[in-house]
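Heads up: the structure comes next, in structure tokens.
Structural data, given as structure tokens:
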């Protein structure tokens, strides 16, 4: 049997690479003669950098930046053989980089510094992975890192250098003259989020609560509206609400937004790997209703369906998930159902067990 294993990361427990290898190890325990192809996936969120780093000729380069609260962070970006630079927000200044939630103060300056490092190193094109952000700053921090000058109303000294959501109402003017432009090959934002910046479907209302802003939605949305009025652009554009408004800022900068999972799938050769496959195994941390909205698992299923139709032969897809809240319409194994709390304490071992279980279904 020929099997392609292409999971996304299991947030906070396993990277996509770790999950893929664990599932593969479990499969080999049961069916050692099968041919396995591992293709770790991502959709523009956490783990995107790791997925690109697995490509032949990719180079992971260190950089010093800051986390979402301005503390020094040692991070990295990936340079692809064609000169493309890949920068991931979650890796630089995402939720996992800080010890506590700070909805008013958190910012994206660290992401902007990483983008600038890639540009300074000669990146000819940029792939910018959004997702997993800790902030709702409308992209103020990343634009300042790229050279945007801001004028502010008089404030107490302690507030004059703030870059988070709470800093937005004091901004009275912006100057773009010093902003470094996107590279000649362009900048592509990888995101599965189509939300606008403002309103009931916007960055504050939809994503603010998970960043500690459940009681601040109205205030944060008003701050974003003020920022948009000052800086210009289209706050209603699809994707403007991604990563707390970082999508909005990057659109202003000149970047284009696209499906992150599709770009990653193309880059890792997922479609090509599926051509002679008998089965595809995908996965993610939590399989729920949002998983059908352009997430990695959804795109893996779509591509498998396209390959099956083109070749005239069925290509089933199985799921390994941390939790499963909705029907997958196919073979599915949830780590929580398999092992309970142990799925969190020892996820790699339980993912291996899940790989065995999937393999046994095809004996």
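In the working numbering, the protein residues as written are 29 to 391.
Here a beta-carbon is modelled for each residue, glycine too, at the ideal position from N, C-alpha and C.
Since we're looking at a predicted model, the values are computed, not measured.
- Taking the Cα of residue 115 as reference, the smallest distance to any Cα among 302, 48, 326 and 288 is reached at 288.
- Scanning its chain for C-beta atoms nearer than 7 Å, with the 5 sequence neighbours on each side dropped, one finds around residue 371 the residues 350, 363, 364 and 378, in chain order.
- Beta-bridge annotation (DSSP): residue 364 is not paired with any residue.
- In this structure, residue 323 sits near residue 220, with a CB-CB distance shorter than 8 Å.
- For residue 332, the CB contacts under 7 Å within the same chain, skipping 5 residues up- and downstream, are 302, 308, 343 and 345 in chain order.
- Residue pairing by DSSP puts residue 113 in a beta bridge opposite 107 and 154.
- According to the DSSP secondary-structure assignment, residue 264 is paired through a beta bridge with no residue.
- Using a 10 angstroms sphere on the CB of residue 37, the tally of other CB atoms reaches 16 or more, which defines it as buried.
- Residue 290 is classed as buried because its beta carbon has at least 16 other beta carbons within 10 Å across all chains shown.
- Taken atom to atom, the span from the alpha-carbon of residue 313 to that of residue 39 is near 6 Å.
- The C-alpha of residue 355 is placed about 36 Å away from the C-alpha of residue 278.
- Going by DSSP, residue 92 is part of the beta strand (DSSP E) stretching over 87-94.
- Looking at the backbone, the Cα of residue 101 and that of residue 376 are separated by about 27 Å.
- Burial state of residue 246 is exposed, judged by a 10 Å Cβ sphere holding fewer than 16 other Cβ atoms.
- For residue 289, no beta strand (DSSP E) encloses it; the enclosing alpha helix (DSSP H) starts and ends at 288-296.
- According to the DSSP assignment, residue 203 belongs to the beta strand (DSSP E) that extends over 199-203.
- Beta-bridge partners assigned by DSSP to residue 352: 315.
- For residue 102, the secondary structure class from DSSP, reduced to helix, strand or coil, is strand.
- Taking a C-beta distance under 8 Å as the contact criterion, residue 111 and residue 151 qualify as a contact pair.
- Beta-bridge partners of residue 179 (DSSP): 201.
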